[in-house]
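Residue numbers (the working numbering): 92 to 294.
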């Protein structure tokens, strides 16, 4: 929901940084991989209950996720780069809740499993819509230049990163926050199914 507004604010500094990094010979795919690795270290820190370290690391990871697209824009974007970006995004989004589950399985396991399930369902509606949009040659730049068609929704990257940050700041509240955000993700998935039905049902 907030990605479009946030993109307008962060794209200019990201683009400037991306051009600088590209001039140093740093590739977009390298930054994508480094960002994912940092995200996995963040998940490990959360597992060890080093929540503030996990917060810093996950924010750095998402900074890399913004920079890779800026570098690609400054050089040359590739289909594989877009593919790698979305795959490793899903790795990150699954790893952070898993970190909280491992940190306290007795308390967090069920809520974490429900949250990851909601990510799975929401992600499938996002990717399936993108596949159909490609089939009908649909394009959108609402979320910036993307390799896939991005549908809007209540739960997008900005909201998810904000929720992960709140998890780290208030880890004792993980369970009920995870259930609430899982419900938001499932609502977003349902809304995409409804939109897809209206868009593709008669085609």
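The beta-carbon is built from N, C-alpha and C at its ideal position, and this holds for glycine as well.
Remember, it's a predicted structure, so these values are computed and weren't measured experimentally.
List the endpoints of the continuous alpha helix (DSSP H) containing residue i.
i: residue 144; result: 142-165
i: residue 180; result: 170-194
i: residue 282; result: 265-291
i: residue 250; result: 248-260
i: residue 128; result: 119-138
Return the residue from the list the options that minimises the CA-CA distance to residue i.
i: residue 195; options: 286, 271, 141; result: 141
i: residue 158; options: 136, 175, 126; result: 126
i: residue 149; options: 131, 246, 217, 290; result: 131
i: residue 291; options: 257, 164, 246, 226; result: 226
i: residue 107; options: 262, 166, 187; result: 166
i: residue 186; options: 145, 154, 262, 173; result: 145
i: residue 199; options: 267, 122, 288; result: 267
i: residue 109; options: 289, 151, 179, 155; result: 155
i: residue 273; options: 218, 287, 201; result: 201
i: residue 205; options: 276, 228, 115, 112; result: 276
i: residue 118; options: 176, 136, 162; result: 162
i: residue 216; options: 197, 286, 174; result: 286
Compute the beta-carbon to beta-carbon distance between residue i and residue j, rounded to the nearest angstrom, for a pair I have assumed lies under 8 Å.
i: residue 203; j: residue 269; result: 6 Å
i: residue 279; j: residue 246; result: 4 Å
i: residue 102; j: residue 172; result: Going by Cβ atoms, the distance from residue 102 to residue 172 rounds to 18 Å, so no, they are not a contact pair.
i: residue 138; j: residue 259; result: So it is not a contact: roughly 12 Å between Cβ atoms.
i: residue 209; j: residue 244; result: Actually they are not in contact, since the Cβ atoms of residue 209 and residue 244 sit about 12 Å apart, beyond 8 Å.
i: residue 265; j: residue 191; result: 5 Å
i: residue 152; j: residue 177; result: The Cβ separation is near 15 Å, so there is no contact.
i: residue 189; j: residue 134; result: 6 Å
i: residue 251; j: residue 175; result: Rounded, the Cβ-Cβ distance is 19 Å, inconsistent with contact.
Below 8 Å, is the gap between the Cβ of residue i and the nearest heavy atom of the ligand ATP?
i: residue 266; result: Absent from the structure shown: the ligand ATP. Ligands present: none.
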